[in-house]
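Following: one structure in structure tokens, then a few remarks.
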Amino acid sequence: MTITTLENINTRLFLWINSGAGMHPSLDYVAIFFAEGGAYLLMALFIFSWFVVDERRRTTLLLAAEASIVGLLFNFIITLVYFHPRPFMMSIGHTLLPHGPETSFPSDHASLLFSASLYLLIFSRWVSMGVVLLFVAILTAWGRVYCGLHFPFDMLGSLVVAVFACLIIYRLRASLEPINRWVIRVL
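Read in order, the letters of the sequence shown are residues 1116 to 1302 in this note's numbering.
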């Protein structure tokens, strides 16, 4: 496949997902809620969980947060070497939320949520929390595309970033243990 073919697929998928934007107020509301609020749901769930789980689970929460930080760091590095315009910068689709004209690939929101959810689900086997966050991550990714802020391949790129971020934190978990124990004691 050529880059042009991939761009065409990405654009077609975007237009299909974004096609209802602005025409269904209830669906618009749900999309906007997750597009803007997914990261806040993650933080709220982590803060609530911190106070009701044992030390082992707190360590897991810290490792998932560290995976998210690594994912965002990867995103930053990618944006230094690659720029892809957002849909509204190309005058395609319907935009439901204002956003600055910056690179769309990969999505910080999706990388943050996919990193945390995949770490919890796959690497720590905290299935209940991982599934809830994966659901929020998927809805956030969908919401950001539906609202006209991202292309579908931005979300796919974020998923790949998240997998690598999780692998790195999983490999470094023993090295991070003293820091995480200190954070748990302090908080």
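We put the beta carbon where it would ideally sit given N, CA and C, even for glycine. For clarity, every value in this text was computed on a predicted model and none was experimentally measured.
Status (buried if at least 16 other CB within 10 Å, exposed otherwise) for PRO1140: exposed
Which of the three DSSP states, helix, strand or coil, is assigned to ALA1150? helix
Whole-angstrom distance between THR1126 and VAL1167, CA atom to CA atom: Straight through space, the alpha carbons of THR1126 and VAL1167 are spaced by roughly 44 Å.
From the DSSP output, in three-state form, read off MET1205 for me. helix
Does the beta-carbon distance from VAL1260 to ASN1133 come in below 9 Å? yes
Supposed close pair HIS1224, ALA1154 - CB separation, criterion 8 Å: 6 Å
Please tell me whether SER1239 and VAL1276 are closer than 9 Å, where the distance is taken between their beta carbons. No. Outside cutoff.
Given a threshold of 16 other Cβ atoms within 10 Å of its Cβ, counted over all protein chains shown, does SER1183 qualify as buried or as exposed? buried
Are the Cβ atoms of PRO1216 and PRO1202 separated by less than 9 Å? no
Within the same chain, show all residues whose beta-carbon is closer than 7 Å to that of PHE1198, passing over the 5 residues directly before and after it, in chain order. Answer for PHE1198: THR1218, listed in chain order.
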